[in-house]
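Peer 1: Let me begin by handing over the structure; questions about it come next.
Numbering (my numbering), first residue to last: 4 to 80.
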């Protein structure tokens with residue numbers, strides 16, 4: 004069963020407190036999403052480290068219940 008966009012958003016916000024998260028369903032199939040995550044916790048971290056933080060927040064659902072997630076991460080301006 005695919006993950007709902009709200010569940011993805013909630014998990015990221017729980018794992019990265021204070022994050023601003025925007026989720027878009029890319030294909031309309033509930034399996035392919037894009038996430039934009041802006042968080043102060045990303046400041047000073049590489050893009051790889053930022054993405055690892057998001058994957059950690061998803062607690063192993065990436066590649067299983069969540070098939071594809073295009074990530075765009077950044078620290079606030």
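Cβ coordinates follow ideal geometry from the N, Cα and C atoms, glycine included.
Note that the structure is a prediction, hence the values are computed from the model and not measured.
Which two residues bound the contiguous alpha helix (DSSP H) that contains residue 50?
Peer 2: Residue 50 -> alpha helix (DSSP H) spans 50-60.
Peer 1: Within the same chain, show all residues whose beta-carbon is closer than 8 angstroms to that of residue 21, passing over the 5 residues directly before and after it, in chain order.
Peer 2: Answer for residue 21: 42, 43, 44, listed in chain order.
Peer 1: Which residues does DSSP list as the beta-bridge partners of residue 39?
Peer 2: In DSSP, residue 39 forms a bridge with 25, 75.
Peer 1: Using a threshold of 9 angstroms, state whether the C-beta atoms of residue 61 and residue 9 are closer than that.
Peer 2: Taking 9 angstroms as the Cβ cut-off, residue 61 and residue 9 do not qualify as a contacting pair.
Peer 1: Does DSSP put residue 6 in a helix, a strand or coil?
Peer 2: Residue 6: coil per DSSP, three-state reduction.
Peer 1: For residue 68, which three-state DSSP category applies?
Peer 2: Looking at residue 68 - three-state DSSP - the assignment turns out to be coil, as it is neither helix nor strand.
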